[in-house]
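*Asks:* Be aware that the sequence shown starts at 20, since it is given in the numbering used here, and climbs by one per residue.
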Amino acid sequence: MSTVHHRTCHICEANCGVLVDVEAGKVVSIKGDPDNPLSRGHICPKGTALQDLQEDPDRLCKPLKRVGSDWHEISFEQAFAEIGEKTRAIIARDPDSTAVYVGNPNAHSYGNALNIAFLEKALRTRNRFSASTVDQMPHQVANLRLWGHASMFPIPDADRTQTLVILGGNPMASNGSLWTVPDFRNRMRDLRARGGELVVIDPRRTETARIADKHLFIRPATDVFFLIALLNAVMARKPHRPVQDFVTGLDDVGTLIERFDSVACADACGIPLAEIESLADRFAAGPAVLYGRMGVATQAHGTLNAWLISLINIASGQLDREGGWVFGRPAVDTVSVLPPGSIGKHTSRVSGHRSVLGEFPAAAMAEEIETPGQGQIKALFVVAGNPVLSTPNGSRVAKALESLDLMVSIDIYRNATSAQAHYILPPSGPLERDHYGLFLLPMAARTIAVYSPPTLPQAEGTLHDWEILRGLASAISGESIQSPTPREALDGLLQTGPYALTLQQVEAAPSGIDLGPPPTGQLPARLRSASKSVACDVPEFMVCLGELEIPNIAVSEGLKLIGRRHLRTNNSWLANSRRLIKGPDRCTVMIHPADAEQRGIANGATVSVRSSAGEITLSAEVTEDLMPGTVSIPHGWGHALPGGAMANALGKPGVSVNDITLNEVDPLSGNAALSGIVVEVVAA
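Take a look at the structure:
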């Protein structure tokens with residue numbers, strides 16, 4: 020007899036409700052939960068991959084120790100004892116020589132989130148790196164400066180707006196990203212039914228652009244000039260709703276950007292000025308909202324982009340208003356629990372990067388391992404991360420890892436990164452853990468509280484991810500961890516949250532408690548700035564904007580590289596799912612027909628793509644979905660590196676785009692500048 024378990028899919032940011040049918044301890048099927056008030060029955064292909072991850076024969080279930088090139092199964096007790104002893108010896112030689120890299124899946128594990136600090140404290144390290152600086156840090160820096168807290172993320176009120184403009188985002192593939200918005204297609208059908216419009220601005224005709232009312236091509240990494248022109252146009256119009264009196268400094272920004280000629284800005288970004296003016300008209304009328312994501316963050320001006328996006332929403336009267344730029348009010352208010360964040364508390368040893376929210380740029384990790392001297396990283400702990408494939412100049416990172424005295428990976432696979440570890444510590448299976456969307460529900464298109472108990476019993480002899488973190492911390496520090504379990508901590512956070520719920524109440528509603536749309540009118544009370552105001556004229560942003568020069572587009576710089584993602588991938592983490600790797604080759608370089616013809620490249624031909632960092636070889640996909648002068652390669656591939664043990668991934672390994680990305684960063688946030696890199700494409 021089978022039993023249906025309610026669960027939240029925790030693979031991506033959408034947090035879709037699913038129904039898992041289990042019989043005799045095995046998953047029979049995974050379907051969408053029609054009663055979940057956020058996802059409304061929606062499920063994407065990744066949801067069914069939960070079963071693949073749980074049942075994957077390549078998933079590690081016991082700790083591994085590497086001796087030379089050989090791997091040996093050991094107990095957790097032995098692993099903790101040996102790692103603790105080796106780490107203490109390294110710290111004794113040089114207290115500043117340890118480091119932590121935290122990967123993207125940690126955002127989907129509330130147990131990890133509540134316990135990672137124990138490991139960092141035991142290591143006494145300032146060398147913290149994470150996927151945030153190849154992904155989202157510009158948004159968080161802008162949040163900190165505008166709202167007073169790095170985790171106070173504004174989101175589009177998509178369910179009530181009339182105009183949604185998406186810049187460098189692809190919710191049809193991502194289901195949001197810093198915006199939890201499952202069932203996006205139907206939400207856009209509802210938008211259109213009420214007379215609204217979806218506009219997508221992207222160098223590629225993305226999956227989202229294909230369902231939009233309008234798609235505008237934009238030259239890679241020129242978003243800042245589009246945003247300047249749009250802000251100029253918005254500020255020239257009186258919005259239907261006035262800007263709130265707690266907003267200051269907007270006129271000073273307006274004065275600064277007057278020096279930018281809008282025609283020149285439009286020429287630089289490739290979007291006709293008439294289109295920009297038309298968008299400004301819609302923002303003046305409202306309700307309207309501008310959302311930008313990965314494409315705007317992974318640029319040299321990523322933080323300026325994030326800042327200007329919020330200023331456009333503010334100047335058009337859309338801040339904290341129905342259908343506009345709003346803030347969630349979640350059952351667990353992470354803004355009230357987490358520290359606001361700081362910038363510049365420490366400086367990196369080699370290149371002098373300032374710390375941002377307690378971490379250094381991932382782009383600087385290799386040099387911190389390579390460069391001799393006091394503080395050279397000798398011990399690295401990687402927590403659910405794969406920096407060899409996911410950070411800039413990955414081949415350099417891979418070579419640097421070889422020199423470490425100790426590397427420990429907490430991971431369920433032996434992948435491109437963990438294959439170089441001395442110890443791999445695998446956590447319990449994904450369906451054996453409970454789940455709560457601690458960081459993602461605050462950004463949800465609709466406010467819900469939903470908790471998932473474990474779907475399957477925990478396998479004997481395994482540890483949960485948070486238990487591994489505590490075990491390592493205790494082994495290194497010699498001190499036991501006295502702290503509530505994640506479940507106990509969650510109950511406390513819910514009770515002290517804005518709705519004073521208990522975990523028992525939430526658990527009694529397996530499809531989730533519906534708390535309504537994101538509430539408006541929260542500002543200025545919800546602001547975390549000392550003045551309870553929004554100071555638009557952020558000094559360091561103003562300096563960078565004042566130094567900006569419009570590029571000469573008449574000077575050809577070659578093809579510009581952009582990334583992309585696919586609905587069936589999630590960074591490098593789903594490459595071993597037998598369901599998701601089926602179908603055509605997705606690791607291709609997209610190129611416009613005119614650019615292909617000029618280079619004698621046919622569709623499907625093998626080509627080499629070169630940058631100043633390196634060269635990769637893959638198939639060409641000739642398509643008019645790309646703006647001329649642009650090429651696109653997805654991230655998260657390259658699984659054929661030595662030492663990996665992922666059979667399905669090896670069947671379609673692809674190549675890593677990060678073998679040709681550079682170590683350049685946005686100076687305001689330390690985020691990797693991956694978009695707009697100049698590349699050469701030639702027939703192989």
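C-beta atoms are modelled at their ideal positions from N, C-alpha and C, and glycine is treated no differently.
1) Using a 10 Å radius around the Cβ and a threshold of 16 neighbouring Cβ atoms, would you call Asn205 buried or exposed?
2) For Gly413 versus Thr588, is the C-beta spacing smaller than 9 Å?
3) What's the gap between the Cα of Glu74 and the Cα of Arg26?
4) Could you give the DSSP three-state label for Glu634: helix, strand or coil?
5) Measure the Cβ-Cβ separation of Asn146 and Leu488 and say whether it is below 9 Å.
6) Would the segment 235-253 and the segment 688-700 be scored as touching if the rule is three or more Cβ pairs under 8 Å?
7) Among Gly535, Ser367, Ile362, which residue has its Cα nearest to the Cα of Ala350?
8) Contact check, Ile652 vs Gly582 under 8 Å by CB: the rounded distance?
9) One question on the structure: do His372 and Gly122 come within less than 9 Å of each other, judged by their Cβ atoms?
10) Output the residue ranges of the beta strand (DSSP E) runs that lie fully inside the segment 304-370 and measure 3 residues or longer, sorted by chain position.
11) Please name the residue, chosen from Cys35, Val184, Gly51, that lies closest to Trp344 on a Cα-to-Cα basis.
12) On the CB-based measure, 16 or more other CB atoms within 10 Å of its CB, does Thr22 come out buried or exposed?
13) Considering only DSSP beta bridges, list what Asp533 is partnered with.
14) Where does Thr588 fall in DSSP's three states?
15) Taking the alpha carbon of Asp644 as the reference point, which residue from Trp656, Asp614, Glu386 has its own alpha carbon closest?
16) Would you kindly work out how many angstroms separate the C-alpha atoms of Gly633 and Ser128, rounded to a whole number?
17) Does Asn134 come out as helix, strand or coil in the three-state DSSP assignment?
18) Whole angstroms is fine: what's the gap from Gln617's alpha carbon to Leu578's?
19) Roughly how many whole angstroms lie between the Cα atoms of Met357 and Ser627?
20) Taking just the CA atoms, how far does Val253 sit from Pro291?
21) What did DSSP end up calling Gly404 once you bin it into helix, strand or coil?
22) Check this for me: beta carbons of Ala478 and Arg164, under 9 Å apart or not?
23) Between the Cα of Val272 and the Cα atoms of Pro661, Phe560, Met665, which residue gives the shortest distance?
24) What residue from His454, Ala463, Ile431 has the CA that sits closest to Gly448's CA?
25) Have a look at Leu338 and Ile110 and give me their C-alpha separation to the nearest angstrom.
26) May I ask you to list the residues that DSSP assigns as paired with Gly51?
27) For His29, collect the residues of the same chain with a Cβ closer than 6 Å to its Cβ; drop the 5 residues on either side in sequence, then sort them by chain order.
28) Between which two residues does the beta strand (DSSP E) holding Ala702 run?
29) Three or more C-beta pairs under 8 Å: does that hold for the segment 372-389 against the segment 97-115?
30) Can the beta-carbon of Ser630 be found less than 9 Å from the beta-carbon of Ala435?
31) At a Cβ threshold of 9 Å, is Cys284 touching chain B?
32) State buried or exposed for Gln439, treating a residue as buried only when at least 16 other CB atoms are found within 10 Å of its CB.
33) Three or more beta-carbon pairs under 8 Å between the segment 139-159 and the segment 538-556, yes or no?
34) From what residue to what residue does the beta strand (DSSP E) around Pro505 run?
35) Name the two residues that bound the continuous alpha helix (DSSP H) containing Ala108.
36) Can you check whether the CB of Leu69 is closer than 9 Å to the CB of Leu450?
*Replies:* Considering the structure as presented:
1) Indexing the sequence shown from 1 puts residue 205 at position 186. Label assigned to Asn205: exposed.
2) Residue 413 sits at position 394 when you count from the first residue of the sequence shown. Residue 588 sits at position 569 when you count from the first residue of the sequence shown. No; because the gap between Cβ atoms is not below 9 Å, this pair is not in contact.
3) Within the sequence shown, residue 74 is the residue found at index 55, counting from 1. Within the sequence shown, residue 26 is the residue found at index 7, counting from 1. The C-alpha of Glu74 lies about 17 Å from the C-alpha of Arg26.
4) Residue 634 sits at position 615 when you count from the first residue of the sequence shown. Strand, per DSSP.
5) Indexing the sequence shown from 1 puts residue 146 at position 127. Indexing the sequence shown from 1 puts residue 488 at position 469. Cβ distance not < 9 Å, so Asn146 and Leu488 don't count as in contact.
6) Three or more Cβ pairs drawn from the segment 235-253 and the segment 688-700 lie within less than 8 Å of each other, which places the two stretches in contact.
7) For the purposes of this step, residue 350 is taken as the residue at position 331 of the sequence shown. Of the candidates Gly535, Ser367, Ile362, the one whose C-alpha sits nearest the C-alpha of Ala350 is Gly535.
8) For the purposes of this step, residue 652 is identified with residue 633 of the sequence shown, where counting begins at 1. For the purposes of this step, residue 582 is identified with residue 563 of the sequence shown, where counting begins at 1. Taking C-beta atoms under 8 Å as the contact rule, Ile652 and Gly582 qualify, at a distance of about 7 Å.
9) Position 353 of the sequence shown, counted from the first residue, corresponds to residue 372. Position 103 of the sequence shown, counted from the first residue, corresponds to residue 122. No, they are not a contact pair.
10) Taking only runs of at least 3 residues, the beta strand (DSSP E) segments lying wholly in the segment 304-370 are 307-311, 344-346, 362-366.
11) Position 325 of the sequence shown, counted from the first residue, corresponds to residue 344. Its Cα nearest to that of Trp344, the residue Val184 stands out among Cys35, Val184, Gly51.
12) Here residue 22 corresponds to residue number 3 of the sequence shown, with the count starting at 1. Taking all protein chains shown into account, Thr22 has fewer than 16 neighbouring C-beta atoms within 10 Å of its C-beta and is therefore exposed.
13) Counted from its first residue, the sequence shown places residue 533 at position 514. According to DSSP, Asp533 bridges with Ile467.
14) As a first step, residue 588 must be located in the sequence shown, where it is residue number 569. Coil, per DSSP.
15) Working through the sequence shown from its first residue, we reach residue 644 at position 625. Asp644 has its Cα closest to that of Asp614, out of Trp656, Asp614, Glu386.
16) Locating residue 633 in the sequence shown gives position 614, where the first residue counts as 1. Locating residue 128 in the sequence shown gives position 109, where the first residue counts as 1. Distance between the alpha carbons of Gly633 and Ser128 is about 35 Å.
17) In the sequence shown, counting from the first residue as 1, residue 134 sits at position 115. Correct three-state label for Asn134: coil.
18) Translated into the one-based positions of the sequence shown, residue 617 becomes position 598. Translated into the one-based positions of the sequence shown, residue 578 becomes position 559. Near 12 Å, if we compare the C-alpha coordinates of Leu578 and Gln617.
19) On the sequence shown, position 338 is the one that residue 357 refers to. On the sequence shown, position 608 is the one that residue 627 refers to. The residue asked about is misnamed: residue 357 is Leu in this sequence, not Met. Spanning the two alpha carbons is a distance of roughly 46 Å.
20) Within the sequence shown, the letter at position 272 stands for residue 291. Within the sequence shown, the letter at position 234 stands for residue 253. Taking the CA atoms as reference points, Pro291 sits about 16 Å from Val253.
21) Start at 1 with the first residue of the sequence shown, and residue 404 comes out as number 385. Of the three classes helix, strand and coil, the one that applies to Gly404 here is coil, per DSSP.
22) As a working mapping, residue 478 is identified with position 459 in the sequence shown. As a working mapping, residue 164 is identified with position 145 in the sequence shown. Annotated as distal: Ala478 and Arg164, with beta-carbon spacing of 9 Å or more.
23) Locating residue 272 in the sequence shown gives position 253, counting from the first residue. Measuring from the Cα of Val272, the nearest candidate turns out to be Phe560.
24) Within the sequence shown, numbered from 1, the residue matching residue 448 stands at position 429. Scanning His454, Ala463, Ile431 for the CA closest to the CA of Gly448 turns up Ile431.
25) Within the sequence shown, numbered from 1, the residue matching residue 338 stands at position 319. Within the sequence shown, numbered from 1, the residue matching residue 110 stands at position 91. Cα-Cα distance, rounded: 49 Å.
26) Against the sequence shown, residue 51 aligns to sequence position 32. Residue pairing by DSSP places Gly51 opposite Val37 in a beta bridge.
27) Taking the first residue of the sequence shown as 1, we reach residue 29 at position 10. For His29, same chain residues with a beta-carbon under 6 Å away, outside a window of 5 residues either side, are His127, His454 in chain order.
28) What you label residue 702 is simply residue 683 of the sequence shown in a count that begins at 1. DSSP places Ala702 in the uninterrupted beta strand (DSSP E) bounded by 696-702.
29) Not touching, per the Cβ criterion.
30) Your numbering for residue 630 matches position 611 in the sequence shown. Your numbering for residue 435 matches position 416 in the sequence shown. Going by C-beta atoms, Ser630 is not nearer than 9 Å to Ala435.
31) Of the protein chains in the structure, only one exists, and it is not chain B.
32) For the purposes of this step, residue 439 is identified with residue 420 of the sequence shown, where counting begins at 1. Label assigned to Gln439: buried.
33) Counting Cβ pairs under 8 Å, fewer than three are found: no touch.
34) Counted from its first residue, the sequence shown places residue 505 at position 486. Per DSSP, Pro505 lies in no beta strand (DSSP E) segment; the continuous alpha helix (DSSP H) that holds it begins and ends at 505-514.
35) On the sequence shown, position 89 is the one that residue 108 refers to. Looking at the DSSP string, the run of the alpha helix (DSSP H) that includes Ala108 is 95-112.
36) Along the sequence shown, read from residue 1 onward, the residue named residue 450 stands at position 431. Along the sequence shown, read from residue 1 onward, the residue named residue 69 stands at position 50. In this structure, Leu450 sits near Leu69, with a CB-CB distance shorter than 9 Å.
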